[in-house]
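Residue numbers (this note's numbering): 169 to 427.
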């Protein structure tokens, strides 16, 4: 996948614009359900974005009227390989660059888990969110039980997990699962604006801020504060810190190099 010029496969679109890698799930006829081939291409797209120094932020969205219906249950799995190993969200779990989920429509099962694994979550008013696995004798297996509890209250998370029922975009906003809800036609513009605002900032600072904020879910406050201070001290020695201070003094936009 060529991150420099942009590339597209049958099921995953990839393009780089103004410092943002746009990754689009492209199986609208299957509501962007993820089969094995799509899963591999999704991983390749995130790897390309991570390796491209021109990319400072990643936007994940869906083609058509759905974001992602989750794993494609109609795909026939070989008996010896009932499910791919590892979490569906693995590419997002290891991404060091900020990830925006621009949820253009229903996100269910693994599709909702992809949303929960993103750093920023914005939605169209037509979006909905569900973890229906209990209705088919299963359980969310890519972080849904853990991340939903962290994204909202335990009571609200358990309501979704135990009933399998969907919530609409307005409810997701009220519950803190998404930060913004806009009209369907305004979602791409909002994602573009957020991505552009992120992309102008220092790459190492973005990565450090993401790392520190994500650690807050897992460590005591004292440990988180120590990590924050360590990252601050590391950034103080970078060329971008010097450039940022110089640009501020000179009244000009900084030119960050990621060093």
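C-beta: ideal position from N, C-alpha, C; glycine also. None of these values were measured; they are calculated from a predicted model.
- prompt: Quick one: is residue 329 buried, meaning 16 or more other Cβ sit within 10 Å of its Cβ, or exposed?
  reply: buried
message: Taking only three categories from DSSP, how would you classify residue 264?
response: coil
- prompt: How do the region 307–326 and the region 223–237 stand: do at least 3 beta-carbon pairs fall below 8 Å, yes or no?
  reply: no
query: If you run the structure through DSSP and keep just helix, strand and coil, what is residue 390?
result: helix
task: Please determine if the region 275–291 and the region 345–352 are in contact, where contact requires at least 3 C-beta pairs separated by less than 8 Å.
output: yes
Residue from 391, 319, 239, 388 whose Cα sits closest to the Cα of residue 277: 239
query: Roughly how many angstroms separate the alpha carbons of residue 201 and residue 365, rounded to a whole number?
result: 31 Å
query: Among residues of its own chain, excluding the 5 on either side of residue 248, which ones have a beta-carbon nearer than 7 Å to its beta-carbon?
result: Here the model assigns residue 248 a pLDDT of 45, short of 50, so the residue's position is not dependable and the matter cannot be decided.
- request: From the DSSP output, read off the bridge partner residues of residue 185.
  value: 188
- prompt: Using the beta-carbon count (16 or more within 10 Å), is residue 190 buried or exposed?
  reply: buried
field: Spatial distance of residue 426 from residue 396 (CA atoms)
entry: 19 Å
task: Could you have a look at residue 348 and say whether DSSP puts it in helix, strand or coil?
output: strand
task: Could you pull out every residue in the same chain whose Cβ sits closer than 7 Å to the Cβ of residue 317, ignoring the five residues on either side in sequence?
output: 325
message: According to DSSP, is residue 223 part of a helix, a strand, or is it coil?
response: coil
message: Rounding to the nearest angstrom, what Cα-Cα distance links residue 193 and residue 257 in this structure?
response: 14 Å
- prompt: Could you check where the alpha helix (DSSP H) with residue 284 kicks off and where it finishes?
  reply: 278–285
Cα-Cα separation between residue 339 and residue 320, rounded to whole angstroms: 11 Å
- prompt: Excluding sequence positions up to five away, which residues of its chain have a Cβ less than 6 Å from the Cβ of residue 231?
  reply: 192, 194, 196
- prompt: Taking residue 306 as the reference, which of 241, 264, 381 has the closest Cα?
  reply: 241
query: If you draw a straight line from the alpha carbon of residue 360 to that of residue 260, how long is it in whole angstroms?
result: 19 Å
- prompt: What does DSSP give as the partner residues of residue 193 in its beta bridges?
  reply: 180, 230
task: Would you mind giving the Cβ-Cβ distance between residue 206 and residue 223, rounded to the nearest angstrom? I have them listed as a contact below 8 Å.
output: 21 Å between Cβ atoms; not a contact.
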